[in-house]
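Asker:
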Amino acid sequence: MKKPRTMKLSLPDEELVGSGNLACQGCGATLAMRYVLKALGQRTVLCIPACCWSVIDGPFPHSCLDVPVYHCAFETAASTASGVKAGLEMVGDTETTVVAWAGDGGTFDIGIQALSGAAERNDDIIYVCYDNEAYMNTGIQRSSATPFGAWTTTTPVKHFKNRPKKDIDAIMAAHRIPYIATASIAYAEDVYKKAKKAKDIQGTRFLHIYAPCPTGWKSRPEDSIRLARMVVQNSIFPLYEIENGEKYTLSIKVKDKKPIHDYLKLQGRFRHLTEDQIKFMQEEVDKNWARLLRKVESSD
Amino acid sequence: MKKVIMGNHALSYGAMLARSQVIAAYPITPQTQVVELLSEMCADKTLDAKFIKVESEHSAMAACIGASVAGARTFTATSSQGLALMHEMLHWASGGRLPVVMGDINRSMGPGWSIWTDQNDSLSQRDTGWMQYYCASNQEVLDTVIQAFKVSERLAIPSMVILDAFALSHTYEVVDIPDQAKVDEYLPPFRPQVRLTPDDPHAFGGLTSPEHYFELRYKLQKDMEKAPGLIEETGREFETMFGRYLGLVDDYLCDDADIILVTSGTAGYTARVAVDDMRKSGIKAGNLRIKVFRPFPFEHVRRIVKNAKKVAVVDRNISYGHHGMFFQEVKSALYGHDDSLPVFGFIAGLGGRDITPSTFREIADIALSKDRPEEEIIWIGVKR
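One line per chain: the protein sequences are A and B, in this order.
Throughout the first sequence, residue numbering follows our numbering, covering 8 to 307 in sequence.
Throughout the second sequence, residue numbering follows our numbering, covering 1318 to 1701 in sequence.
#1: Please check the pair A:V62 and A:A88, which I expect to be a contact at CB under 8 Å, by giving their CB distance rounded to whole angstroms.
#2: Quick one: is A:H78 near chain B, going by C-beta distance under 8 Å?
#3: So, under 8 Å CB-CB, B:L1513 and B:A1387 are touching, yes? Tell me the CB distance rounded to an integer number of Å.
#4: Which whole runs of the beta strand (DSSP E) in the stretch 1492 to 1567 of chain B are 3 residues long or more, in chain order?
#5: Within 10 angstroms of the Cβ of B:N1325, are there 16 or more other Cβ atoms? Answer buried if so, exposed if not.
#6: Check for me: the beta strand (DSSP E) holding B:K1370 runs from which residue to which?
#7: What are the boundary residues of the alpha helix (DSSP H) that includes A:K286?
#8: What is the residue span of the alpha helix (DSSP H) that B:G1662 lies within?
#9: Can you name the residues of chain A whose CB is closer than 9 Å to the CB of B:A1389?
#10: Of all the CB atoms in chain B, is at least one closer than 8 Å to the CB of A:T3?
#11: Applying the criterion that 16 or more other CB atoms from any shown protein chain within 10 Å of the CB defines a buried residue, is A:D219 buried or exposed?
#12: Span of the alpha helix (DSSP H) holding B:V1622?
#13: Taking the CB atoms as reference points, tell me whether B:K1608 and B:L1547 lie closer together than 8 Å.
#14: Just checking: is the beta-carbon of B:G1420 within a distance shorter than 8 Å of some beta-carbon in chain A?
#15: How should B:G1413 be labelled, buried or exposed, when 16 other C-beta atoms within 10 angstroms of its C-beta is the threshold for buried?
#16: Cβ closer than 9 Å: which chain B residues qualify as neighbours of A:F244?
#17: What residues from chain B crowd round A:V261, counting only those whose CB sits closer than 9 Å?
#18: Quick check on DSSP: helix, strand or coil for A:T222?
#19: Looking at the structure shown, is A:R276 part of a helix, part of a strand, or coil, going by DSSP?
#20: Tell me the start and end of each unbroken alpha helix (DSSP H) in the stretch 17 to 56 of chain A that is at least 4 residues and wholly inside, in chain order.
#21: Nearest chain A C-beta to B:T1557 closer than 8 Å, yes or no?
#22: Between A:Q209 and chain B, is the shortest Cβ-Cβ distance under 8 Å, so that the two count as touching?
#23: Express the C-alpha separation of A:V76 and A:R227 in angstroms, rounding to a whole number.
#24: So for A:L257, helix, strand or coil by DSSP?
#25: B:P1518 CB to nearest chain A CB: under 8 Å?
#26: Using beta carbons (cut-off 8 Å, strictly below), is B:C1359 in contact with chain A?
#27: Around the C-beta of B:H1639, are 16 or more other C-beta atoms found within 10 angstroms, so that it is buried, or is it exposed?
#28: Who are the neighbours of B:W1409 on chain A, taking C-beta pairs under 7 Å?
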């Protein structure tokens, strides 16, 4: 009998995220965790502040993760992780990868001081921000990661968010840490590859992962991967790496940059926008993209 | 070995002799010398520890919590505004049952900016589930740090070792620095039952429903109730090995005293000068210095004041709209036991205003001249 062919896997088949978790349908944050843990493996410790993942993991005494988790205070993902790393080393464990795993609110807003402190010290931790662009766990309130134009429960349609998303990656680059990467859950192998690369680097590493939230974006759960791909192809959220705060490298070279229109139309949070407003947003996206390309070119 | 050192350095030596493994701290006057000396000790390997130079006190306590849950012995020190900034994390340390030990230099809360001593910083943290030791000498500071680690690690409850700004923090005294080998014998390495490790993965501190949360808090209180006995037991053990007893309270000439001045911190030793003077002029005075405020030593207070005719509690703090906080506790200790004993509450020395022997003489005169307190609280030395 002919030996059956085997499927060639682009990711390891080990699963450290259990299926019995409390995520919403179409949750990007859950896929982000799944791909990152495939790269980091079981010798990993997670520090999770208040965020969707403090619920997704499951209530006491349950946990859907096969790695140890320390649920920490909202603004302390980075500082707790710094402490865990020092503590593990002092008890003789120098191998374990220590990860701060936070949402955008815990990173861009309330946790930015502790994150900046850890990055300035270049503490040996991986900081992962899964970015769903608002405080989703508390019911869709705006954060400084919420994009221009979006509805949230604290930016109602009549007063939608009128400031751009904070450029956290540029802020992190200014700390001259060894490794920064943006990633999107539509590009699973890219997430995996970047987490793997981060694992082998010493010092503070920052992964910024785009993670759609159907509940908060008023999008269909089955569109999460589509949105996470479109956001890269229209260059709202380009995928790139920054090494030592200065060397910018594009991960996905977008040849045929798409307009943002179709991306916006799949999400209820942008439904109120007029064509003029969308045009303005498109111009901002184009400017940001050009700025990024200049940084990439000047790195060569 | 005897050395002449400042109170802040007594904290550093205590942390060093306890073999602290992770220190995370942020500078604040008047605590700075604590962390300066510790960073030198870490740099020259006198102390094998990692010092995380954090960007705030909030991160200091968060890092201590992370290190402690990873299984390392952990120390920090702060003061006043810094302690207030840590408030959220103090709950996290005690609720997470992590035996962090922290030095706090009692400094008044702003505004206006003050660097001088009073106790409103630490007493504002009384309900955070930390043990609190109020020290009166540099020797006691050093010894208490070592004892605090032992008690904290046994009970899985954090401890605050507290000393007055300047009156102790910057005051030099002769201190016996115990032998490291003997300290090692007294304080074995920290070996927590569970810790954060991939070898035995658990989730710590996750979402806890009403089904479980209540019992976690019950257990914290039940273990806190074990602390008075354990502090005395470890205090006697310390006395056997080092010749100095470390107890819950420290009473002076209280047995036959008509009036007992109740104090905390360095004011206790000042009170004793006043007590001696009063004794010379025929007034039977005594001093009860309360060292441990949390857990509160109810039984000891009741036993020591039981033969007195008057009790005068001197608070270097105030709970606005209520009383001085030691006064509250002393009254609550007596409630249902001896309701007839007049207890007077005095507020003195806020913002570092000096408390001198004559302050205590004035306090004693007021208490002795009245049958019962006529005011809820009596302010001493305030300019009206």
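Backbone N, C-alpha and C define an ideal beta-carbon position, used for all residues, glycine too.
Answerer: According to the structure data:
#1: As a working note, residue 62 of chain A is residue 55 in the first sequence. As a working note, residue 88 of chain A is residue 81 in the first sequence. Between A:A88 and A:V62 the Cβ distance is about 20 Å, and since that is not below 8 Å, they are no contact.
#2: Reading the first sequence from its first residue, position 71 is the one you call residue 78 of chain A. Closer than 8 Å: yes.
#3: Here the question's residue 1513 of chain B lines up with position 196 in the second sequence. Here the question's residue 1387 of chain B lines up with position 70 in the second sequence. Confirmed, about 5 Å.
#4: none
#5: Position 8 of the second sequence, counting from 1, holds the residue named residue 1325 of chain B. Flag for B:N1325 reads buried.
#6: Counting from one through the second sequence, the residue named residue 1370 of chain B turns up at place 53. Under the DSSP assignment, B:K1370 falls in the beta strand (DSSP E) whose first and last residues are K1367 to K1370.
#7: Against the first sequence, residue 286 of chain A aligns to sequence position 279. Looking at the DSSP string, the run of the alpha helix (DSSP H) that includes A:K286 is E282 to S306.
#8: As a position in the second sequence, residue 1662 of chain B is number 345, starting the count at 1. Run containing B:G1662: none in the alpha helix (DSSP H); it sits in the beta strand (DSSP E), V1660 to I1664.
#9: Here the question's residue 1389 of chain B lines up with position 72 in the second sequence. In chain order: G90, A93, G94, L95, E96, M97 and V98.
#10: Because residue 3 of chain A is not part of the residues shown, which for chain A are 8 to 307, the question remains open.
#11: As a first step, residue 219 of chain A must be located in the first sequence, where it is residue number 212. Before going on, a small fix: residue 219 of chain A reads as Pro here, not Asp. Buried, by the Cβ-count rule.
#12: Your numbering for residue 1622 of chain B matches position 305 in the second sequence. Counting along the chain, the alpha helix (DSSP H) containing B:V1622 begins and ends at F1615 to V1622.
#13: Your numbering for residue 1608 of chain B matches position 291 in the second sequence. Your numbering for residue 1547 of chain B matches position 230 in the second sequence. Not a contact, by the Cβ cut-off of 8 Å.
#14: In the second sequence, the residue the question calls residue 1420 of chain B occupies position 103. By this cut-off, B:G1420 is not an interface position.
#15: What you label residue 1413 of chain B is simply residue 96 of the second sequence in a count that begins at 1. With 16 or more other Cβ atoms within 10 Å, it is buried.
#16: Locating residue 244 of chain A in the first sequence gives position 237, counting from the first residue. Going along chain B, no residue has its Cβ under 9 Å from A:F244, so there is no contact; the nearest lies around 29 Å.
#17: As a position in the first sequence, residue 261 of chain A is number 254, starting the count at 1. In chain order: nothing, as chain B lies at least about 37 Å away.
#18: On the first sequence, position 215 is the one that residue 222 of chain A refers to. Three-state result, A:T222: helix.
#19: On the first sequence, residue 276 of chain A is found 269 positions in, with the first residue counted as 1. In the structure shown, A:R276 adopts helical secondary structure according to DSSP, grouped into three states.
#20: 35 to 47
#21: For this step, residue 1557 of chain B is matched to residue 240 along the second sequence. Taking Cβ atoms only, chain A never reaches closer than 8 Å to B:T1557, which makes this a no.
#22: As a position in the first sequence, residue 209 of chain A is number 202, starting the count at 1. For A:Q209, the answer is no, since every Cβ of chain B falls outside 8 Å of its Cβ.
#23: What you label residue 227 of chain A is simply residue 220 of the first sequence in a count that begins at 1. What you label residue 76 of chain A is simply residue 69 of the first sequence in a count that begins at 1. Between A:R227 and A:V76, the C-alpha separation is close to 30 Å.
#24: Counting from one through the first sequence, the residue named residue 257 of chain A turns up at place 250. Three-state result, A:L257: strand.
#25: Here residue 1518 of chain B refers to the residue found at position 201 of the second sequence. B:P1518 counts as touching chain A.
#26: Numbered from its first residue, the second sequence carries residue 1359 of chain B at position 42. It does not; no Cβ of chain A falls within 8 Å.
#27: The residue labelled residue 1639 of chain B in the question sits at position 322 within the second sequence. Answer is exposed; the Cβ neighbour count stays below 16.
#28: Start at 1 with the first residue of the second sequence, and residue 1409 of chain B comes out as number 92. Within chain A, the residues near B:W1409 are A80.
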